[in-house]
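*Asks:* A single structure is presented below for examination.
Set out below in structure tokens:
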């Protein structure tokens, strides 16, 4: 039972860890957004990739969902002492990841190869795949002008209204080789509860990706990141609204029209069933908020069963 | 009273900090060996430069003489978890230095500019100067073959007999601009108690350096790193022996023949006075072992007075 999950950061990582727990080792591949990757002090930082990797390795910070548990910040404190603005909180162990990744990439390894090496060393049993080995960067149009994604997301704490999203480099970037193989070999494809615009969006926008997904006969299930009209984490709700989408699971389903066969929505949003079914998708309404590992496993199992129930024999 | 000190690592840094303490702010320039600089995980590491900078900033580790006091090693532990060999002990705060230096150099700053920025941010009142902005690397011939300096010094703990010293790049490297100005503007030039072969040696071997030093009329005083036939720290004693030098202050004085006007030796080596004077140098015998800040200041003062006494009016 091969599963390919598409994921962004914290929410996606949680469902991915549930999927990893309920599947045999090696049966899960996670294709991760890299459009919010950036360089800081010469270090190549891949926020979503690391969130997924740390979560699947069981070392993520349970408070924040990102970063490593029990981190210290001595390197960052030293950078501040040197007069640097330390708006992006890099922990000491996390910096070990960035230093090694940057070094290996400069030495000629692809991001896919580097990620496989790091995740393997951390004992991750799933296949963690950056969506592309080529750079894509999300730039947001706001009333304050254009902002790089992490500038908007971390430095300015998502306070700007997003009026447009540009994915620089998306035309040239190809899905990494392992990505297309993971999709074509999957028995179920899961779109994790990540931001449909800036997390799942860049993955789907890669050239050849929609073709690969739609040519797969595997059921495609999306778990809604919107519960009761709000994003559980991050700015997805405000971003959907300012970009003219309905802030609901129905709004997310509309974005995935023509791609996804079924939506998993929270029980709170049971009343959206009819509207989503009208788009042509099946609906599973269940407890979708993942508070602990048990929640993750349950939601993962239900999502997989929901997908399996859609297979035409 | 402008003083220019030539220094390697721990011993040189100690005397430099004594000189800084007894001189008006800004009157000390320290020209530091960079021939043992190297790259590790893509980070540019300058062991002697950092030892001098941290010591002059008052943040060096008093136990080891190198590194920063009360360091943690979380980044390094993470690198080990990723399967890396962590033979060179980089602390978390120290890594902040290397990350920023590497980033600024790749962005186009010279090592001299980067060093000025870092030392200034740490509140260092003296001018810390890398000997050159161009790469020089010390390679040692040993019975086991050629070894990079840090390979010999740290990884193999100086256990190999040194049969020859090669300074790669020394012909092409020029003294950094500030270095020649510091020498020509100095009222006293001090060769710190550092290894005469691999610490002071590379500085002196830079093209134009001996001419700059000998054309200065300032008294030149060397403090011997050998006390009672042994190096206080590091492999200078064994290295002198295996390269055919006498392991004594006299042996060091012979290396500095034609350059240095006076040698500061330990009281233990008072009996070497006649031999060193026969080389044509004056001798000051005093307590030369620096156990604390008071020792450093006293030795610095005595060294400067010794030099001042040699000035021909």
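Chains as they are written, first to last, in my numbering: chain C, 23 to 335; chain Y, 23 to 335. Each residue gets a CB set at the ideal place from its N, CA and C atoms; glycine is no exception.
(1) What do you reckon, are the CB atoms on residue 86 of chain Y and residue 71 of chain Y nearer than 8 Å?
(2) Using beta carbons (cut-off 8 Å, strictly below), is residue 114 of chain C in contact with chain Y?
(3) Could you pull the DSSP bridge partners for residue 44 of chain Y from this structure?
(4) Evaluate contact between the region 88–105 of chain Y and the region 126–143 of chain Y, counting only Cβ atoms and requiring at least three cross-stretch pairs below 8 Å.
(5) Return no unless some Cβ of chain C is closer than 8 Å to the Cβ of residue 64 of chain Y.
(6) Can you say whether residue 221 of chain C is buried or exposed, counting buried as having 16 or more other CB atoms within 10 angstroms of its CB?
(7) Hey, could you find the ends of the beta strand (DSSP E) residue 61 of chain Y is sitting in?
(8) Grab me the residues of residue 263 of chain Y's own chain with a C-beta within less than 8 Å of its C-beta, minus the 5 sequence neighbours each way, in chain order.
(9) Below 8 Å on the Cβ atoms is my contact criterion, and I expect residue 250 of chain C with residue 291 of chain C to pass it. Report the Cβ-Cβ distance as a whole number of Å.
(10) I'd like to know whether the C-beta of residue 143 of chain C is nearer than 8 Å to at least one C-beta of chain Y.
(11) Between the Cα of residue 244 of chain C and the Cα atoms of C:53, C:164, C:271, C:59, which residue gives the shortest distance?
(12) Contact defined as beta carbons within less than 8 Å: I believe residue 286 of chain C pairs with residue 294 of chain C. What is the distance between those atoms, to the nearest angstrom?
(13) Going along chain Y in order, which residues have a C-beta closer than 9 Å to the C-beta of residue 174 of chain C?
(14) Just to confirm my understanding: we take residue 252 of chain Y, look at its own chain, exclude 5 residues before and 5 after, and list those with CB closer than 7 Å. What are they?
(15) Assuming residue 156 of chain Y and residue 195 of chain Y form a contact by the criterion Cβ under 8 Å, report the distance between their Cβ atoms to the nearest whole angstrom.
(16) Can you tell me the Cβ-Cβ gap for residue 218 of chain Y and residue 277 of chain Y, rounded? I've got them flagged as a contact below 8 Å.
(17) Do residue 37 of chain C and residue 321 of chain C have their CB atoms nearer than 8 Å?
(18) Taking the alpha-carbon of residue 49 of chain C as reference, which of C:146, C:77, C:76, C:97 has the nearest alpha-carbon?
(19) How about residue 282 of chain C and residue 303 of chain C: do their beta carbons lie closer than 8 Å?
(20) Tell me, please, which residues DSSP counts as bridged to residue 66 of chain Y.
(21) Curious, which full-length beta strand (DSSP E) runs of at least 3 residues does the region 206–289 of chain C contain?
(22) Along the chain, where does the beta strand (DSSP E) containing residue 196 of chain Y start, and where does it finish?
(23) From the DSSP output, which residues share a beta bridge with residue 93 of chain C?
(24) Could you list the residues in the region 90–108 of chain C with a C-beta less than 9 Å from some C-beta on chain Y, going in chain order?
(25) Specify the secondary structure class of residue 354 of chain C as computed by DSSP and reduced to three states.
(26) Beta-carbon of residue 125 of chain C versus every beta-carbon of chain A: anything under 8 Å?
(27) Can you confirm whether the region 116–125 of chain Y touches the region 172–184 of chain Y when touching is taken to mean that 3 or more C-beta pairs between the two stretches lie within less than 8 Å?
(28) Under 8 Å between beta-carbons, which chain C residues line up against residue 121 of chain Y? List them in chain order, please.
(29) Taking 8 Å as the threshold (beta carbon to beta carbon), is residue 262 of chain Y in contact with chain C?
(30) Give me the chain Y residues within the contact set of residue 140 of chain C, using Cβ-Cβ distance strictly less than 7 Å, ordered along the chain.
(31) Along the beta strand (DSSP E) that carries residue 132 of chain C, what are the first and last residues, could you check?
(32) Which residues, in chain order, does the region 180–206 of chain C contribute to contact with chain Y at a C-beta distance below 7 Å?
(33) Does residue 128 of chain C come within less than 8 Å of chain Y when only Cβ atoms are used?
(34) Please classify residue 23 of chain Y as buried or exposed, where buried requires at least 16 other C-beta atoms within 10 Å of its C-beta.
(35) Flag this pair as yes or no: are the beta carbons of residue 189 of chain Y and residue 158 of chain Y separated by less than 8 Å?
(36) Return helix, strand or coil for residue 79 of chain Y, following the three-state DSSP convention.
*Replies:* On the basis of the coordinates in this document:
(1) In the second chain, counting from the first residue as 1, residue 86 of chain Y sits at position 64. In the second chain, counting from the first residue as 1, residue 71 of chain Y sits at position 49. Between residue 86 of chain Y and residue 71 of chain Y, the C-beta gap is not smaller than 8 Å, which leaves the two residues out of contact.
(2) If you number the first chain from 1, residue 114 of chain C lands on position 92. So, interface residue.
(3) Numbered from 1 along the second chain, position 22 holds the residue referred to as residue 44 of chain Y. Residue 44 of chain Y pairs with nothing; no bridge assigned.
(4) Contact between the region 88–105 of chain Y and the region 126–143 of chain Y is absent, because fewer than three Cβ pairs lie under 8 Å.
(5) As a position in the second chain, residue 64 of chain Y is number 42, starting the count at 1. Under the 8 Å criterion on CB atoms, residue 64 of chain Y is classed as interfacial with respect to chain C.
(6) By 1-based counting over the first chain, the position of residue 221 of chain C is 199. In summary, residue 221 of chain C is buried, with 16 or more beta-carbon neighbours lying within 10 Å of its beta-carbon over all protein chains present.
(7) Counted from its first residue, the second chain places residue 61 of chain Y at position 39. That run of the beta strand (DSSP E) goes 60–62.
(8) As a first step, residue 263 of chain Y is located in the second chain; it is residue number 241 there, counting from the start. Cβ within range, chain order: 269.
(9) As a first step, residue 250 of chain C must be located in the first chain, where it is residue number 228. As a first step, residue 291 of chain C must be located in the first chain, where it is residue number 269. Rounded, the Cβ-Cβ distance is 7 Å, consistent with contact.
(10) As a working note, residue 143 of chain C is residue 121 in the first chain. By this cut-off, residue 143 of chain C is an interface position.
(11) Residue mapping note: residue 244 of chain C aligns to position 222 of the first chain, counting from 1. It is C:271 whose Cα lies nearest to the Cα of residue 244 of chain C.
(12) One-based indexing of the first chain puts residue 286 of chain C at position 264. One-based indexing of the first chain puts residue 294 of chain C at position 272. So it is not a contact: roughly 12 Å between Cβ atoms.
(13) Residue numbering aside, residue 174 of chain C sits at position 152 when the first chain is read from its first letter. Within 9 Å Cβ-Cβ: nothing; residue 174 of chain C doesn't reach chain Y, min ~23 Å.
(14) Counting from 1 along the second chain, the entry for residue 252 of chain Y is found at position 230. Counting only Cβ-Cβ distances below 7 Å, and skipping sequence neighbours, we find 259.
(15) Counting from 1 along the second chain, the entry for residue 156 of chain Y is found at position 134. Counting from 1 along the second chain, the entry for residue 195 of chain Y is found at position 173. Cβ-Cβ separation between residue 156 of chain Y and residue 195 of chain Y: approximately 4 Å, consistent with a contact (criterion under 8 Å).
(16) In the second chain, counting from the first residue as 1, residue 218 of chain Y sits at position 196. In the second chain, counting from the first residue as 1, residue 277 of chain Y sits at position 255. Indeed, because the Cβ distance is near 5 Å, the residues count as touching under 8 Å.
(17) Looking up residue 37 of chain C in the first chain gives position 15. Looking up residue 321 of chain C in the first chain gives position 299. Cβ atoms of residue 37 of chain C and residue 321 of chain C: closer than 8 Å.
(18) The residue you call residue 49 of chain C lines up with position 27 of the first chain. Among C:146, C:77, C:76, C:97, the Cα nearest to that of residue 49 of chain C belongs to C:146.
(19) The residue labelled residue 282 of chain C in the question sits at position 260 within the first chain. The residue labelled residue 303 of chain C in the question sits at position 281 within the first chain. For residue 282 of chain C and residue 303 of chain C, yes; Cβs fall inside 8 Å.
(20) By 1-based counting over the second chain, the position of residue 66 of chain Y is 44. Per DSSP, Y:61.
(21) Counting only runs of 3 or more, we get 210–213, 242–245, 284–288.
(22) By one-based count along the second chain, residue 196 of chain Y stands at place 174. Judged by DSSP secondary structure, residue 196 of chain Y falls outside any beta strand (DSSP E); it is assigned neither H nor E.
(23) By one-based count along the first chain, residue 93 of chain C stands at place 71. In the DSSP assignment, residue 93 of chain C is bridged to no other residue.
(24) Residues 90, 93, 94, 95, 96, 97, 98, 99, 100, 101, 102, 103, 104, 105, 106.
(25) Past the edges of chain C, shown from 23 to 335, lies residue 354 of chain C, and the structure says nothing about it.
(26) Here chain A cannot be found, since the structure's protein chains are C and Y.
(27) Counting Cβ pairs under 8 Å, fewer than three are found: no touch.
(28) Here residue 121 of chain Y is taken as the residue at index 99 of the second chain, counted from 1. Within chain C, the residues near residue 121 of chain Y are 63, 64, 65, 97, 101, 117, 121.
(29) On the second chain, residue 262 of chain Y is found 240 positions in, with the first residue counted as 1. Judged by the 8 Å Cβ criterion, residue 262 of chain Y is not in contact with chain C.
(30) What you label residue 140 of chain C is simply residue 118 of the first chain in a count that begins at 1. By Cβ distance, chain Y contributes 104.
(31) Locating residue 132 of chain C in the first chain gives position 110, counting from the first residue. Where residue 132 of chain C is concerned, there is no enclosing beta strand (DSSP E), given that its DSSP letter is neither H nor E.
(32) Within the region 180–206 of chain C, not one residue has a Cβ closer than 7 Å to any Cβ of chain Y.
(33) As a working mapping, residue 128 of chain C is identified with position 106 in the first chain. Closer than 8 Å to the CB of residue 128 of chain C there is at least one CB belonging to chain Y.
(34) Residue mapping note: residue 23 of chain Y aligns to position 1 of the second chain, counting from 1. That one is exposed.
(35) By 1-based counting over the second chain, the position of residue 189 of chain Y is 167. By 1-based counting over the second chain, the position of residue 158 of chain Y is 136. Against a cut-off of 8 Å, the Cβ pair of residue 158 of chain Y and residue 189 of chain Y comes out as a contact.
(36) Counted from its first residue, the second chain places residue 79 of chain Y at position 57. Secondary structure of residue 79 of chain Y (DSSP, three-state): coil.
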